[in-house]
Amino acid sequence: MGKERAIGLMKEHFGPNNAKWIEHTMKVVSYAEKIVEMENIRYPFIRDVAILSAIFHDVGIPIAEKKYGNREGRNQEMEGAIIARNLLNKLMVREDIKERIIYIVAHHHSEDAIDGPDFEILWDADLLTNIEEGRIDMEKYPEEKGFRTKSGEILYKVIHKSH
Ligand SMILES: [Fe+2]
Numbered sequence: 051m052g053k054e055r056a057i058g059l060m061k062e063h064f065g066p067n068n069a070k071w072i073e074h075t076m077k078v079v080s081y082a083e084k085i086v087e088m089e090n091i092r093y094p095f096i097r098d099v100a101i102l103s104a105i106f107h108d109v110g111i112p113i114a115e116k117k118y119g120n121r122e123g124r125n126q127e128m129e130g131a132i133i134a135r136n137l138l139n140k141l142m143v144r145e146d147i148k149e150r151i152i153y154i155v156a157h158h159h160s161e162d163a164i165d166g167p168d169f170e171i172l173w174d175a176d177l178l179t180n181i182e183e184g185r186i187d188m189e190k191y192p193e194e195k196g197f198r199t200k201s202g203e204i205l206y207k208v209i210h211k212s213h
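Heads up: the sequence shown begins at 51 in my numbering, then just goes up one per residue.
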């Protein structure tokens, strides 16, 4: 899958000024790996897409903040999809895996677009990390943002208890 090389490209893309997003990304990757394991995912396609989507999901943030002054919604998703495609082109990633990752990056804030277990894993891993980093308004949880996998919910309960 070239995970280490993908992480290297992601870090290089963010650079030292975006250390906080590198840190965020690495947490999402580690939650994604945990969920893949807990959900007993056997298909390499789903596992590879989930992990690589985690690595690249937020690459649009720096440019979205610069261009639009925020990192919300569609802008970040669309900018991220373009950058993810460029970065994935540097990796030896199968075409179908690449296109699937780009779809997920392009919709990773759009709950209605979730259409498979690979996307659900990224969704839950990002949600867990955002909760942990205090980025989610827990007053609105889970009405506005809920977990999509059993493992995501279990991990949430573990974190929640420890705080
Ligand atoms: Fe994220």
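Ideal Cβ placement from N, Cα and C applies to all residues, glycine included. Small disclaimer: the values here were computed from a predicted structure and weren't measured.
Reference residue i; option with closest CA among the options
| i | options | result |
| --- | --- | --- |
| K207 | H158, L178 and E145 | L178 |
| I132 | F106, D187 and A100 | F106 |
| D108 | P94, I96, L137 and Y93 | L137 |
| M88 | E122, G202, E62 and K61 | G202 |
| F169 | I209, V86, K116 and R185 | V86 |
Straight-line Cα distance separating residue j from residue i
| i | j | result |
| --- | --- | --- |
| G52 | L141 | 7 Å |
| V79 | A104 | 5 Å |
| R97 | E189 | 32 Å |
| G110 | M128 | 8 Å |
| K211 | E161 | 26 Å |
| E62 | W71 | 12 Å |
Cβ-heavy atom distance, residue i to ligand 1, below 6 Å
| i | result |
| --- | --- |
| D108 | yes |
| D174 | no |
Residue i in three-state terms, based on DSSP
| i | result |
| --- | --- |
| V208 | helix |
| S201 | helix |
| G58 | helix |
| V143 | coil |
key: Within the region 93-131, ranges of the alpha helix (DSSP H) (whole runs, at least 4 residues)   = Entirely contained in the region 93-131, the alpha helix (DSSP H) runs reaching 4 residues are, in chain order, 94-106 and 111-118.
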